[in-house]
Amino acid sequence: MQTATYPTLDLAQIRADFPILDQLVNGRPLVYFDNAATTQKPRAVLDALAHYYEHDNANIHRGIHALAERATSAFEASRKAVQSFLNAREAEEIIFTYGTTDAINLVAKTYGRTFLGKGDEILISTMEHHSNIVPWQMLCEERGCVLKVIPINDEGELLLDEYEKLLTERTKIVSVVHVSNALGTINPVKYLIDKAHAVGAVVLIDGAQATTHIEIDVQALDCDFYVFSAHKLFGPTGMGVLYGKRALLETMPPWRGGGEMIKEVTFEKTTYNDIPYKFEAGTPNIADVIAVRNALEYVNTLGKDTIAAHEHELLTYATDALQTIDGLRIIGQAKEKVSVISFVLDGIHHEDTGVILDQQGIAVRTGHHCCQPLMRRLGIAGTTRASFSVYNTTDEIDRLVKGLQRVKTMMA
Amino acid sequence: MTINEKQDEIIEEFDLFDDQLDKTQYIIDLGKKLPPLPDYLHVDANLIPGCQSKVWLNSELKADTVHFEADAEPTAQISRGLVSLLIRVLSDQKPEDVANADLYFIDRIGLSNLVTSRRAGGMASMIQRMKSFANENAL
Ligand SMILES: Cc1ncc(COP(=O)(O)O)c(C=O)c1O
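Pasting the structure below:
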């Protein structure tokens, strides 16, 4: 297969790589601005999925036949691709999960249950997604630990002074989002990690929203766990990654039991496999794991810097354009932001905004974005969120602005 | 007018519009005309569960008919419009007619996506509540 190269960002070519973009919705060309919920998939990823089922499908790690061999080596090649994408030290530190949510639950259920007890503290932030809140609450209920929350300012930035005050020797886990899905805020994770390590806490970074926009180097960050979902990174749905430092993963007991995760099973006693297999019980989502590699290659071919530069241009353009709309207030004005804009329109329910934009072919997300505590802190019921990806254009932002003007005239 | 006559009347009104946006505009305009509930009916017992926007429904038996009044958050204008359509069709009808009503107008005017999916819980639970009140009071 030939991979295209993009000396500069060729938007027409990029859009052609994503077949789904070329369609009418409610009679108008689709504008897809719901990329923070999930990105669309390039042809290379779709082809990899079809190719796997057409040529290589077999169960992995067990078969001795040619197909099993091909499937296994493609699966493990994907692990290596993720390793290098995150700059992890070893491929064994990459565990395939079915998403960010699953990865956080894995850590809570294994590391959390083993090493946390009564009175131990878990520190998260006000801007966490429910998937980085609820697993810890469940752990607190089970083990009697205490959940503490780092507050934010009105711009949607963490209050670092407060963070430092909350860190004590009782803090065992700090679990913070790298980039906020609701506001776009980029958190200073390196700083958070260093401070947490100084009190002996381990740190999990929820990278669900970060991986498309930011270069990730888990060794430089020195985070203990880093988790993300492939579907927000041009990859398949229901597929994600837990990176963990080897030393930690080895001390953690397995979570799900079954095939693949064992060395030897007798009715008296079972010995467990080594990492990463210890945490990958059962037949995994082989095709989708394999296709993740194509998604990462796609990103690498475009170049993260090039993607980031384009997204930044869209963010700046959209921020300026939206601010010309009377009664529109941008929610989340952090200095460091990715291409996510949440906003409210004075006197107009976000649901109505979403419905009327959809009728004009524009897909946005409305509501609380799985961040109810954050919405409560900001004193709003929800927002309308436009999130941009590499294939979006300034013309589409113009359509959004016109679409919002239409919302306003209809509601007036 | 019977429930079905009212539904047919609404279908005719919406037939004037080809464009979904024009239909939505019409719903919004209906919402604007929906009179607000008096304060004493704005109580939690009247809140419809599952709506993203707050909707209140007050149900009463008046002579041999069921009488509904409803209200939604002032900013949620599409909800207000949908609420007003439901009131128009189902209020002041015999309980057994409400309980057995087949609300085909929702589909025919192209609103099923608004009523069933997004506002999901919402409008569906409002209809359910209207019907179960009617059911309790049916002969
Ligand atoms: C910041 C953040 N964390 C976690 C998640 C959950 O990801 P998934 O649903 O793929 O497990 C999301 C997805 O919306 C997210 O944006």
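Those protein sequence lines, which keep their order, are chains A and B. Here the first sequence is numbered in the numbering used here, starting from 820 and rising by one per residue. Here the second sequence is numbered in the numbering used here, starting from 3 and rising by one per residue. Just so it is clear, CB atoms sit at the ideal spot from N, CA and C, and this is done for glycine as well. Values in this document were obtained by computation on a predicted structure and should not be read as measured data.
P838/A carries a helical assignment under DSSP once its states are collapsed to helix, strand and coil.
Taking a Cβ-Cβ threshold of 9 Å, none of the residues of chain A is close to L59/B; the smallest such distance is about 18 Å.
Contact annotation, V1037/A with Y1062/A: C-beta distance approximately 5 Å; criterion of less than 8 Å satisfied. Rounded to whole angstroms, the gap between the alpha carbons of A927/A and W955/A is 6 Å. For T67/B, the secondary structure class from DSSP, reduced to helix, strand or coil, is strand.
C-alpha of E888/A to C-alpha of N1119/A: approximately 27 Å in a straight line. Close to chain B, meaning a Cβ-Cβ distance shorter than 8 Å, are the following residues of the segment 1139-1168 of chain A: G1166, I1167, H1168. For A140/B, same chain residues with a beta-carbon under 6 Å away, outside a window of 5 residues either side, are P97, E98, A101 in chain order. For I969/A against S950/A, the beta-carbon gap comes to about 17 Å, at or over 8 Å, which does not count as contact. Within the DSSP bridge table, the entry for K928/A names no partner.
In terms of CA proximity to V1108/A, K899/A leads the group G1019/A, K899/A, C964/A. For E75/B, the nearest CB of chain A lies under 8 Å from its own CB, placing it at the interface with that chain. The segment 1017-1082 of chain A contains, as complete beta strand (DSSP E) runs of 3+ residues, the segments 1021-1025, 1044-1048, 1059-1063 (chain order).
Taking each of R908/A, L886/A, W1074/A, G1059/A in turn and checking the Cα distance to A1027/A, the smallest one comes out for G1059/A. Less than 8 Å divides the Cβ of S86/B from the Cβ of L36/B.
In this structure V1159/A is not in contact with A856/A, their Cβ atoms being roughly 11 Å apart against a cut-off of 8 Å. In the displayed model, V1209/A falls within coil according to three-state DSSP, outside both helix and strand.
Contact check for L1176/A against G1222/A passes: the beta carbons are separated by less than 8 Å. Contact holds between the segment 1092-1104 of chain A and the segment 909-921 of chain A, because three or more Cβ pairs, one in each stretch, are under 8 Å apart. Not one heavy atom of ligand 1 sits closer than 7 Å to the Cβ of G1078/A. Counted as a single uninterrupted DSSP element, the beta strand (DSSP E) harbouring G1186/A occupies residues 1184-1186. Sequence-distant Cβ neighbours of L849/A in its own chain, meaning closer than 6 Å and more than five residues away, are Q842, G1180. Under the Cβ distance rule, I1181/A does not count among the residues neighbouring chain B, no pair being separated by less than 8 Å. Using a cutoff of 7 Å, the CB of C1042/A does not count as near ligand 1, since none of the ligand's heavy atoms is closer than that. Residue side-chain check: C1189/A places its Cβ nearer than 7 Å to a non-hydrogen atom of ligand 1.
In this model, V996/A and I1024/A are separated by some 6 Å (Cα to Cα). The C-alpha of L925/A lies about 23 Å from the C-alpha of P1192/A. Going by DSSP, V995/A is part of the beta strand (DSSP E) stretching over 990-996. In the DSSP assignment, K967/A falls within the beta strand (DSSP E) that extends over 965-969.
Fully contained in the segment 1097-1163 of chain A are the following alpha helix (DSSP H) runs of length 4 or more, in chain order: 1105-1121, 1123-1141. If the five residues before and after S897/A are omitted, its C-beta is found closer than 7 Å to the C-beta atoms of V1108, I1109, V1111, R1112, all from its own chain and listed in chain order. Under the three-state reduction of DSSP output, N6/B falls in the helix class. In summary, the residues of the segment 17-33 of chain B whose CB is separated from some CB of chain A by less than 7 Å are Q22, L23, T26, Q27, I30, in the order they occur in the chain. In the three-state reduction of the DSSP assignment, E974/A falls in the coil class.
For I913/A, no alpha helix (DSSP H) segment is defined; the enclosing uninterrupted segment is the beta strand (DSSP E) at 913-916. For M3/B, the number of other beta carbons within 10 angstroms of its own is below 16, and it is reported as exposed.
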